[in-house]
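For reference, the structure is listed below as structure tokens.
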Amino acid sequence: MIFVGIPADSRMLGPHPFQAVGEKYIRAVLDGADAQPLLIPSMHRGLDLDALLDHLDGLLLPGSPSNIEPHHYSDEPSYEGNLHDPARDLTTLNLIPKAIAKRVPVLAICRGFQEVNVAMGGSLHQKVHEAPGLMNHKEDLSQPLDVQYAPAHPVSLLKGGLLERFAGADSVMVNSLHGQGINRLGENLIAEAMAPDGLVEAVRLDCEDTFLLALQWHPEWKVTENPFYLEIFKAFGAACKARAERRNR
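Below is the structure:
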């Protein structure tokens, strides 16, 4: 059996703190990667991340309503109303380098994509739509979900890269539901996809024997209905299966 860990958000629902993960990510691990999802609580302390990773075959870093606190990547202040989750920052920014060191496959989505870049020493635009030359990548929250998650713009894919192989083309349409994005690319990351305005939309780790793919868009959305998105999760599942075989020897 293949086990994929998914870090949760630490959120207040009413007066109580909860650990929460969007069901679409859990479903995509089941249906797209053919693996068993296990939720990882985001805690300020108490988790032995090394021991946890020793029992996992993959790590999925999901999107979230919250953003990484900017002190992790710059000296600029956060803007008013910016939702943060310090416990998740502490958990994921420590999990990522440990997962790479242990060759645990990683698939990162939206906030997870940004976490990978920050963990690797990169920085972010807090408001992409206010950065010179960049377009507005946010969704229209007044629209139904099927409209919010519909294809929004093309991305050009790196020639000879993973995503070009999955898509069978040098460009593909993707959805767009993010306010933040990559400013400075992190170390040992290769840009796999670019938006028309030049914003990096996908990266992979520059290492042949370690699977790490991070995407700014949301391939988990109705993953079985989109062949390109499904190929991404199948490749992640195959990497997790190979990890499970190594782990069980």
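Numbering that gives the first Met the number 0 applies: residue 0 is where the sequence shown begins, and numbers increase by one. Note that the Cβ used here is the ideal one computed from N, Cα and C, for glycine as well. Quick caveat, the model's predicted, so the values are computed rather than measured.
C-beta atoms of residue i and residue j nearer than 7 Å
{"i": "P131", "j": "R242", "result": "no"}
{"i": "R102", "j": "D8", "result": "no"}
{"i": "A107", "j": "L184", "result": "no"}
{"i": "E138", "j": "L176", "result": "yes"}
{"i": "L179", "j": "L123", "result": "In the sequence as displayed, the identity of residue 179 is Gln instead of Leu. A contact, by the Cβ cut-off of 7 Å."}
{"i": "L133", "j": "L198", "result": "yes"}
{"i": "F165", "j": "E224", "result": "no"}
{"i": "K240", "j": "I39", "result": "no"}
{"i": "D169", "j": "L156", "result": "yes"}
{"i": "V117", "j": "I181", "result": "no"}
{"i": "A213", "j": "E200", "result": "no"}
Presumed contact (8 Å Cβ cut-off) between residue i and residue j, rounded CB distance
{"i": "V222", "j": "G31", "result": "4 Å"}
{"i": "V28", "j": "A34", "result": "5 Å"}
{"i": "L52", "j": "V3", "result": "Not really, about 12 Å apart at Cβ, beyond 8 Å."}
{"i": "H217", "j": "N247", "result": "The Cβ separation is near 32 Å, so there is no contact."}
{"i": "E186", "j": "G80", "result": "That pair is no contact at about 31 Å."}
{"i": "A194", "j": "V154", "result": "6 Å"}
{"i": "D47", "j": "S63", "result": "In fact, because the Cβ distance is near 23 Å, the residues do not count as touching under 8 Å."}
{"i": "A238", "j": "F210", "result": "4 Å"}
Exposed unless 16 or more other CB atoms sit within 10 angstroms - verdict on residue i
{"i": "S141", "result": "exposed"}
{"i": "H43", "result": "exposed"}
{"i": "S73", "result": "exposed"}
{"i": "F252", "result": "The requested residue 252 is not part of the displayed model; the chain covers only 0 to 248."}
{"i": "A234", "result": "buried"}
{"i": "C109", "result": "buried"}
{"i": "A98", "result": "buried"}
{"i": "E22", "result": "exposed"}
{"i": "G45", "result": "exposed"}
Boundaries (first-last residue) of the alpha helix (DSSP H) holding residue i
{"i": "D196", "result": "That residue, D196, is in no alpha helix (DSSP H); it is neither H nor E in DSSP."}
{"i": "I67", "result": "Counting along the chain, I67 falls outside any alpha helix (DSSP H), and DSSP gives it neither H nor E."}
Check: residue i C-beta below 6 Å from any heavy atom of the ligand FAD
{"i": "L156", "result": "With respect to the ligand FAD, the structure offers nothing, as it holds no ligand at all."}
Host beta strand (DSSP E) of residue i (start-end)
{"i": "I231", "result": "It is not in any beta strand (DSSP E) - I231 instead sits in the alpha helix (DSSP H) that spans P226 to R246."}
{"i": "P16", "result": "H15 to A19"}
{"i": "D8", "result": "D8 to L12"}
* To do: Starting from the N-terminal side, write out each stretch of the beta strand (DSSP E) that is 3 residues or longer and does not extend beyond the segment 92-160.
  => You should have 105-108 and 152-156.
* Asked: Which residue spans inside the segment 27-73 form an unbroken beta strand (DSSP E) run of at least 3?
  -> 35-39 and 57-60
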